[in-house]
Amino acid sequence: MDSIDLKLLDLLEINGRETVSALAAKVGLSRSSVQERIAKLESQGEIQAYTITRKRKKEGPFVRAYLLVKTNGALCHEIAPHLEKMPEVRFFESISGEIDALVCIETKTTDELAALRDKIAAFHQVCDIQTLSVMKTRIEWR
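Sequential numbering of the sequence shown, starting at 181, is according to the numbering used here.
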């Protein structure tokens with residue numbers, strides 16, 4: 181994979197509906213060369229899907245918080261199945277450092293947020309949890 185392939189991937193990540201002709205103009209190659217490169221990237225698994233990003237439906241106000249979770253050892257894999265079943269969990273990532281995991285949750289009220297936080301804190305794998313409530317979103321997820 182060269183710099184042109186990387187540029188094509190970047191452009192398609194921004195807009196998966198970009199025409200091959202437009203991509204060709206942006207990377208300075210012919211349309212057929214870009215089409216061949218895209219086919220190669222697809223066959224190599226670099227491009228796995230063309231998809232859309234939907235505008236998140238907001239059903240009234242909501243509360244978002246990030247939970248910094250410490251586990252009793254590296255046990256993120258054990259709590260993942262439980263978190264996956266919770267619709268309020270937007271993402272769950274294992275991270276490096278003193279904190280083992282980052283969990284983003286969204287609820288309709290602070291009471292629901294507190295209840296969900298307590299539910300997660302009660303998992304036997306969790307030894308500490310810190311809650312960071314979002315005060316204001318400055319830039320939406322892209």
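Just so it is clear, CB atoms sit at the ideal spot from N, CA and C, and this is done for glycine as well. Just so we're clear, the structure is a prediction, and the values are computed from it rather than from any experiment.
Supposed contact pair residue j and residue i - C-beta distance, whole angstroms, cut 8 Å
i    : j    : result
V314 : A219 : Not a contact, Cβ separation roughly 42 Å.
C-beta contact flag for residue i and residue j at 9 Å
i    : j    : result
L191 : L203 : yes
A281 : V249 : yes
E226 : M181 : yes
R270 : E286 : yes
L255 : Q305 : yes
F303 : I259 : yes
L312 : L263 : no
Selection from the options that minimises the alpha carbon distance to residue i
i    : options                   : result
E268 : I184, L293 and S213       : L293
W321 : G277, C284 and R211       : C284
P241 : T290, L188 and K299       : T290
V207 : E198, A229, N195 and I184 : I184
I194 : Q215, V214 and T231       : T231
Burial state of residue i, where buried means 16 or more other Cβ atoms lie within 10 Å
i    : result
T251 : buried
L349 : Shown here, the chain extends from 181 to 322; a query on residue 349 therefore has no answer.
Taking the runs of the beta strand (DSSP E) that are 3 residues or longer, which of them lie wholly in the region 231-283? Contiguous beta strand (DSSP E) elements confined to the region 231-283 occur at 243-251 and 269-274, taking only those with 3 or more residues.
Write down every uninterrupted run of the beta strand (DSSP E) in the region 291-319 whose length is 3 residues or greater and which is fully enclosed by it, in chain order. Counting only runs of 3+ residues, the beta strand (DSSP E) found wholly inside the region 291-319 occupies 306-313, in chain order.
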